[in-house]
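In this text, residue positions in the sequence shown follow my numbering: the first is 2, and each later residue adds one.
Positions of the beta carbon are idealized from the N, C-alpha and C atoms, including for glycine.
A short write-up of the structure that comes next.
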Amino acid sequence: MVVAALPARADCLDDAAAFHRVNPRLLRVIAQHESGMRPNAVNRNTNGSEDIGLMQINTSWLPTLSRYGIRREHLFNGCVSAYVGAWILASNVRRFGPNWKAVGAYNAVTPSKQLVYASAIYRRFMQQGR
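Next up, the structure:
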């Protein structure tokens, strides 16, 4: 994953999607669903973790992200969040294939929660495709 020293760009979601080779419209729909496009969004989960920033990156990712020099406060930068979110989505696509399970895994570990999440993203994706 590369996010250090990124130039300022007109649209980091498109740039991140292109860099990680994920569908830019899908990445944008996920950002809209997760944070309402708010880079300063924070949501606390019942398990004590938090979802942070534009792409609502869960704090469980922080140990992995720290290997790349990314700390919690960096996730409030919309561009950093976009690249991290695209990286997570691309990792899921490599793991599960280019399918809705990969999308569901962006948000959840359990299959039933993955299905609920993927269904919500699918609905938004189809509505915005019109």
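Endpoints, beta strand (DSSP E) assigned at residue i
| i | result |
| --- | --- |
| Arg45 | 43-45 |
| Asp132 | Outside the displayed span of the chain (2 to 131) sits residue 132, for which this structure offers no information. |
Opening and closing residue of the alpha helix (DSSP H) in which residue i lies
| i | result |
| --- | --- |
| Ile89 | 79-97 |
| Ala18 | 13-21 |
| Val104 | 101-105 |
| Pro212 | As displayed, the chain neither begins before 2 nor continues past 131, which places residue 212 out of reach and without an answer. |
Secondary structure of residue i, DSSP reduced to three states
| i | result |
| --- | --- |
| Ala6 | Confidence at Ala6 is low in this model, with a pLDDT of 44, below 50, so the placement of that residue should be treated as unreliable; the coordinate-derived value is given next. Here Ala6 sits in coil by DSSP. |
| Ile31 | helix |
| Ile122 | helix |
| His75 | helix |
CB of residue i within 8 Å of CB of residue j, strictly
| i | j | result |
| --- | --- | --- |
| Thr126 | Val23 | It should be pointed out that residue 126 corresponds to Phe in this sequence rather than to Thr. For Phe126 and Val23, no; Cβs fall outside 8 Å. |
| Thr60 | Arg73 | yes |
| Ala109 | Ala17 | no |
| Leu14 | Ala91 | no |
| His21 | Ala121 | no |
| Arg26 | Gln128 | no |
| Ile58 | Val94 | no |
Just checking, does the segment 54-62 make contact with the segment 74-85 on the three C-beta pairs under 8 Å criterion? Of all C-beta pairs linking the segment 54-62 to the segment 74-85, three or more are shorter than 8 Å, placing the two stretches in contact.
Tell me, please, whether the segment 32-44 touches the segment 93-105 by the rule of three or more beta-carbon pairs shorter than 8 Å. Contact fails: fewer than three Cβ-Cβ distances are below 8 Å.
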